[in-house]
Structure formats: structure tokens, C-alpha cells
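Residue numbers (UniProt numbering): 1 to 217.
Read through the structure below, which is laid out as C-alpha cells, and then see the notes.
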């Protein structure tokens with residue numbers, strides 16, 4: 001960057017300085033926020049939703065643990081992408097998290113719905129008034145475990161009929177109702193993760209991160 005300043009001082013000032021400012025802020029936020037997230041993943045989870053959410057939240061300084069439901073160190077996602085986890089859910093549940101996140105994917109969401117361990121985790125998260133976030137097909141797992149009855153939610157459109165008798169269904173890209181955040185699918189994963197970032201950190205940090213990623217709402 002020092003070379004850029006010598007050769008192209010105006011360019012360096014206009015382009016490099018905002019980037020440095022953003023990076024410095026992220027480092028500061030990482031030290032100050034101490035926020036934690038648990039992102040669950042299973043065979044058949046939607047990889048874009050899992051990876052984008054993990055990436056964006058780590059960019060804003062949130063400590064994200066990716067936890068698998070089984071003993072396997074890696075899961076095979078809905079489009080055959082393999083993701084290796086940070087921990088097994090059975091080990092990860094021994095601590096509290098500011099947010100528990102469920103990515104979508106039909107088979108992954110079914111795995112969440114069929115897991116009593118996931119149900120217990122979500123129920124405890126709700127009872128302690130901490131954030132729950134679910135995207136795509138994953139809100140169906142929330143319903144199975146009796147989470148957030150009567151709240152406003154959204155989901156992947158094909159899941160709508162399974163949810164309208166239990167929730168107030170909206171078709172916005174992201175829906176926030178108290179400590180529940182839901183979203184629609186892979187293309188809304190950035191908006192979803194930025195909404196989580198804004199809720200846990202602040203709007204300015206979320207906006208700065210979106211700008212640095214060249215994201216346009």
C-alpha cells in the first residue's frame with residue numbers, strides 16, 4: 001500500500017483508505033463484540049446458506065462454530081459440496097450462543113426436525129430469549145420443535161403451506177420478529193446474514209461489511 005501511495009497518491013487515498021478503515025473496524029469489533037454463533041449443518045444442508053452465513057458473520061467478528069449432527073467430521077451438502085465441521089453438536093451444546101442458526105436444504109432441514117438434541121437446543125435458546133435464525137426450508141424444523149408459535153416468519157416458497165397454520169407468514173426476503181430471524185433461500189443468504197450481524201453487533205458494522213463485499217440490497 002505504501003508503494004501505491006507513492007505512485008498513485010490520489011488512488012491510494014480514495015480506494016485503499018476506506019479498505020484499511022473497514023479492516024481496522026472489523027478487528028476492533030472482533031475484540032469488543034465477543035458474540036458467538038452456532039451454525040448447525042447436516043447431510044443435505046444447503047451449502048450456499050451455510051457458507052455465506054458463516055463467512056459474513058466471521059467478517060464482522062462473530063465467533064461462529066459450525067456443528068454437525070453426527071460423528072462424521074464432514075457433511076455432504078445438497079449439491080454434493082462437502083463441508084468439514086468445527087465440532088459435533090453433542091460437544092458444542094455444552095456452551096451458550098448468542099444465536100443458533102439453521103441453514104436450509106430439504107434433507108438437512110428434515111435432519112434438524114428429527115433431532116431431539118436440536119429441539120432441546122432450540123427450546124432452551126428460546127426460553128433464554130436468545131436469537132434463533134433459520135432460512136429456506138429450515139423454518140419447518142422450528143415448527144416441529146414448537147418454536148416461536150404465532151410469530152412472523154418467511155421461508156422457501158415451497159414450504160409456505162406447511163407453516164401458515166402455525167405462524168404469520170410473510171414473503172419478504174428477511175423477516176425479523178423479536179429474537180427470530182427467517183429468510184427465503186440461497187439468494188437471500190447475504191441479506192439474512194447481514195440481518196443477524198446487525199442484530200448482534202450494530203447496523204453500521206453490517207452496512208460497512210456489506211459495502212466492503214460489494215453487496216447491494
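By construction, the Cβ of each residue, glycine as well, lies at the ideal position given by its N, Cα and C atoms.
Collapsing the DSSP output to three states places residue 75 in a strand. With a minimum length of 3 residues, the unbroken runs of beta strand (DSSP E) contained wholly in the stretch 102–137 fall at 131–135.
Looking at the backbone, the Cα of residue 77 and that of residue 214 are separated by about 27 Å.
The Cβ atoms of residue 147 and residue 135 do not sit closer than 8 Å to each other. By the neighbour-count criterion, in which 16 or more other beta carbons inside 10 Å mark a residue as buried, residue 143 falls on the buried side. Residue 164 carries a coil assignment under DSSP once its states are collapsed to helix, strand and coil. With 16 or more other CB atoms across the displayed protein chains lying within 10 angstroms of its CB, residue 59 is buried.
Ranked by Cα distance from residue 109, the first of 44, 187 and 175 is 44. Between the alpha carbons of residue 101 and residue 61 lies a gap of roughly 16 Å.
By the C-beta density criterion, residue 79 is exposed, having fewer than 16 other C-beta atoms within 10 angstroms. Our two residues, residue 163 and residue 155, have alpha carbons roughly 9 Å apart in a direct line. The beta carbon of residue 50 sits closer than 6 Å to the beta carbons of 41 and 103 from its chain, once the five residues preceding and following it are set aside; these are given in chain order.
Going by DSSP, residue 52 is part of no beta strand (DSSP E) but of the alpha helix (DSSP H) stretching over 47–59. In the DSSP assignment, no residue is bridged to residue 70. Within the model, the alpha-carbon separation for residue 197 versus residue 56 is close to 8 Å. Residue 37: member of the beta strand (DSSP E) spanning 36–41, first to last residue. Look at residue 90 here: in three-state DSSP terms it is helix.
DSSP places residue 98 outside any alpha helix (DSSP H), giving it a letter other than H or E. Secondary structure note for residue 188: it is in no alpha helix (DSSP H), with a DSSP letter that is neither H nor E. Between the alpha carbons of residue 152 and residue 92 lies a distance of about 29 Å. Distance from the CA atom of residue 138 to the CA atom of residue 105, rounded to whole angstroms, is 7 Å.
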